[in-house]
Amino acid sequence: MTILEAGRALRQRKVSAVELTSQALAAAARANASINAFITITEEAALTRAAQLDEDFARGVDHGPLHGIPVAHKDAFHTKGVRTTAGAKIFWDYVPKQDADLVARLRKAGAVMIGKTNLHELCYGVTSNNPHFGAVRNPWDLTRIPGGSSGGSGAALAAGVVSLATGTDTGGSVRIPAAYCGVVGLKPTINRQSCRGVVPLAFTLDHVGLMARTVRDVAIAFGAPPPERPELKGLRLGVPENFFFDRLDPEVAASLRLGIQTAAGLGADVSEIRLPDPASLNTVGRLIQLAEAATVWKQYQHRRSDFGPDVYALVQQGLLIPATDYLNAQRVRQRLAAEFVKIWESLDCLIMPVTAIPAPKIGEVAIQINGIEEDVRAASTRLTRPFNVLGWPALAMPSGFSHGRLPIGLQLVAPRDREDTLFRLGAALEDSLALDLAVR
Amino acid sequence: MAAAIRVSLEPRDRAAVIEPLERLERDFRALEQSLSPMAPLWVGQPDAE
Chain X
1 MTILEAGRAL RQRKVSAVEL TSQALAAAAR ANASINAFIT ITEEAALTRA AQLDEDFARG
61 VDHGPLHGIP VAHKDAFHTK GVRTTAGAKI FWDYVPKQDA DLVARLRKAG AVMIGKTNLH
121 ELCYGVTSNN PHFGAVRNPW DLTRIPGGSS GGSGAALAAG VVSLATGTDT GGSVRIPAAY
181 CGVVGLKPTI NRQSCRGVVP LAFTLDHVGL MARTVRDVAI AFGAPPPERP ELKGLRLGVP
241 ENFFFDRLDP EVAASLRLGI QTAAGLGADV SEIRLPDPAS LNTVGRLIQL AEAATVWKQY
301 QHRRSDFGPD VYALVQQGLL IPATDYLNAQ RVRQRLAAEF VKIWESLDCL IMPVTAIPAP
361 KIGEVAIQIN GIEEDVRAAS TRLTRPFNVL GWPALAMPSG FSHGRLPIGL QLVAPRDRED
421 TLFRLGAALE DSLALDLAVR
Chain H
1001 MAAAIRVSLE PRDRAAVIEP LERLERDFRA LEQSLSPMAP LWVGQPDAE
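Taken in order, these protein sequences are the chains called X and H.
Each step along the first sequence adds one to the number in our numbering, with nothing skipped, and position 27 is 27.
Each step along the second sequence adds one to the number in our numbering, with nothing skipped, and position 31 is 1031.
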């Protein structure tokens, strides 16, 4: 059930918050044995909270569209009184005293937390193959990764456990699992959602995001009105002619072509655009992320055996970056951003793939794309990271499937603070594509 | 400090730490060289005036 459907059923008294929560808890227990999406399930607290919400409802108190909706929080969000590990051994027993801002906002809006989702250690990677809490598995194919770092959130949504989950996105960590799991993920404009109470990775690249099974549900969780009958006539949609369509798995490319044709068929004014230099955004983004993440985790570097080898190596790389390189990367970032922002003079939105490939196998380090070998991390992040560097809002949503029935995602990008454009276009595409996204 | 860390790296870390960093450094140098000495430092939103 989507958030919209559950909300309708709740208001028609066809279901209660306790029933919605019990269903989600049962589904979590069932699914976790195979997909390992949850580190913690908060059964007792969830049922108590749901009962309270039912009492509120009986007294005429409606907390809004998220009233009684079960939510799963990535285990990087501080949750008052509930262990928050960030997927790391160093936080094995850490219990925060306060909720993160987003957790508090969703709670105030009536959402019911049912648990904390598994993730790539310290949000620092794309596989969610966690060395301490076990690998998260993709519900579409249990031998494959769900993407990361918000992999547990993506897997829990795809498995139908919840209709709302949270994530964080520093280089693509909401959008990549959304693409690999066939769900929707929003990375809002930088700083539009507070990062307070979220375990940091890179201070100037971190974004807090929302994940759901439909575009309209993401809009609702973001606090925006869900588009009813979205109209695309006059929407100026840009298709990048450089970088974003290079070196794609042929099935990803075909799926994107269909998405673009669909948008054009719905009335969008589609044109090709040459972007200034996306590869440079990735270079400065990686350098900034390495340095900032090393700043965060330097204090634990003496505990080598408590880190997974990939995360430890990244922290060590960051420690070797001179301060001058970091500062110059920020200066280059500003220069690039000033060039990129000009594209919005002639466009309202961009469309492109989320990842170059569908979900790889668990343990796969490199992958062949059109006969050329590429690192899985690069193939997963090279199309998402540029928008962390620019801080623009980006939405990942399903566009189709591979022949092996693995989901493929498309990415919509809008100017700063224009999440409404993403919801409008995303909802129109979702209605028109009408994909069957049930895992069987 | 970087030199001290480099020295402390075990041989097994060379491939995992130094080599990817050297590749990134090569890509970054060209960008850095194109930067005007008067270019400001980003302090707010990346594309803010």
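Positions of the beta carbon are idealized from the N, C-alpha and C atoms, including for glycine.
These numbers come from a predicted model, not from an experiment.
Rounded Cβ spacing between residue i and residue j (contact assumed at less than 8 angstroms)
| i | j | result |
| --- | --- | --- |
| R286 (chain X) | L1024 (chain H) | 6 angstroms |
| P131 (chain X) | G308 (chain X) | 4 angstroms |
| L157 (chain X) | R213 (chain X) | 6 angstroms |
| T21 (chain X) | A46 (chain X) | 5 angstroms |
| L232 (chain X) | L266 (chain X) | 4 angstroms |
| V311 (chain X) | I273 (chain X) | Not a contact, Cβ separation roughly 37 angstroms. |
| A1039 (chain H) | R331 (chain X) | 5 angstroms |
| R424 (chain X) | P227 (chain X) | 5 angstroms |
| D420 (chain X) | A224 (chain X) | 6 angstroms |
| A28 (chain X) | I41 (chain X) | 5 angstroms |
| I343 (chain X) | I3 (chain X) | Contact doesn't hold; Cβ gap of about 33 angstroms is too wide. |
Proximity to residue i [Cα-Cα], best of the options
| i | options | result |
| --- | --- | --- |
| D1047 (chain H) | X:L390, X:G409, X:S194 | X:L390 |
| S16 (chain X) | X:R304, X:M352, X:D54, X:D93 | X:D54 |
| A6 (chain X) | X:A111, X:A46, X:A253 | X:A111 |
| P177 (chain X) | X:A37, X:L106, X:L258 | X:A37 |
| D436 (chain X) | X:A50, X:S153, X:G182, X:T42 | X:G182 |
| D306 (chain X) | X:R335, X:F91, X:K233 | X:F91 |
| Y453 (chain X) | X:I220, X:K89, X:A26, X:S34 | Residue 453 (chain X) lies beyond the range of chain X shown here (1 to 440); nothing can be said about it. |
| A24 (chain X) | X:K97, X:G115, X:R11, X:P200 | X:G115 |
| S380 (chain X) | X:L347, X:A155, X:F244 | X:F244 |
| P250 (chain X) | X:G209, X:S402, X:V61 | X:S402 |
| G68 (chain X) | X:A28, X:P146, X:R229, X:R13 | X:R13 |
| N388 (chain X) | X:P96, X:G172, X:A253 | X:G172 |
| I39 (chain X) | X:D101, X:R83, X:M1 | X:R83 |
| I408 (chain X) | X:K80, X:L258, X:A224, X:F222 | X:L258 |
| P1020 (chain H) | X:T283, X:P278, X:L336 | X:T283 |
| D1027 (chain H) | X:P278, X:I343, X:G151, X:G426 | X:P278 |
| P1037 (chain H) | X:I190, X:E121, X:T324 | X:T324 |
is_contact[residue i, chain B] using C-beta, thresh 8 angstroms
| i | result |
| --- | --- |
| Q334 (chain X) | The chain inventory of the structure shown lacks chain B, comprising the protein chains X and H. |
Classification of residue i by the beta-carbon crowding that lies within 10 angstroms, buried from 16 upward
| i | result |
| --- | --- |
| P322 (chain X) | exposed |
| T117 (chain X) | buried |
| G371 (chain X) | exposed |
| V354 (chain X) | buried |
| V218 (chain X) | buried |
| S149 (chain X) | buried |
| M397 (chain X) | buried |
| K298 (chain X) | exposed |
| V162 (chain X) | buried |
| E373 (chain X) | exposed |
| R216 (chain X) | buried |
| A993 (chain H) | Lying before the first or after the last residue shown, residue 993 (chain H) is absent from chain H, which here runs from 1001 to 1049. |
| V365 (chain X) | exposed |
Proximity of residue i and residue j at Cβ, strictly below 8 angstroms
| i | j | result |
| --- | --- | --- |
| V174 (chain X) | G185 (chain X) | yes |
| P276 (chain X) | E339 (chain X) | yes |
| A394 (chain X) | L412 (chain X) | yes |
| L281 (chain X) | P415 (chain X) | no |
| V71 (chain X) | L164 (chain X) | yes |
| A329 (chain X) | A159 (chain X) | no |
| G400 (chain X) | S255 (chain X) | yes |
| H78 (chain X) | Q98 (chain X) | yes |
| R144 (chain X) | I351 (chain X) | no |
| Y180 (chain X) | P65 (chain X) | no |
| V126 (chain X) | R382 (chain X) | no |
| L327 (chain X) | L1041 (chain H) | yes |
| G209 (chain X) | P188 (chain X) | yes |
| A427 (chain X) | P146 (chain X) | no |
Distance cut-off 7 angstroms: residue i Cβ against heavy atoms of the ligand ATP
| i | result |
| --- | --- |
| D1047 (chain H) | Absence of the ligand ATP from the depicted structure is noted, as is the absence of any ligand whatsoever, leaving it without description. |
Proximal residues to residue i (C-beta, below 6 angstroms), its chain only, five neighbours per side dropped
| i | result |
| --- | --- |
| E292 (chain X) | A202, F203 |
| A9 (chain X) | V15 |
| A294 (chain X) | V315, G318, L319 |
| R236 (chain X) | D269, L347, D348 |
| E43 (chain X) | L25 |
| A51 (chain X) | V18 |
Chain-order list of residues whose beta-carbon lies under 8 angstroms from that of residue i (same chain, five-residue window excluded)
| i | result |
| --- | --- |
| H63 (chain X) | L53, D56, K108, A109, G110 |
| L290 (chain X) | L314, Q317, G318, I321 |
| I288 (chain X) | A202, T204, L205, Y326, A329, Q330, R333, V389 |
| I369 (chain X) | R247, L248, D249, A356, I357, A379 |
Cβ shell of residue i (< 7 angstroms), same chain only, five flanking positions each side left out
| i | result |
| --- | --- |
| T262 (chain X) | L429, S432, L433 |
| S34 (chain X) | R137, L142 |
| A76 (chain X) | A86, L119, C123, T168, V198, V199 |
| R49 (chain X) | V112 |
| Y94 (chain X) | R83, T84, T85 |
| I367 (chain X) | I357, P360, E374, V376, A379 |
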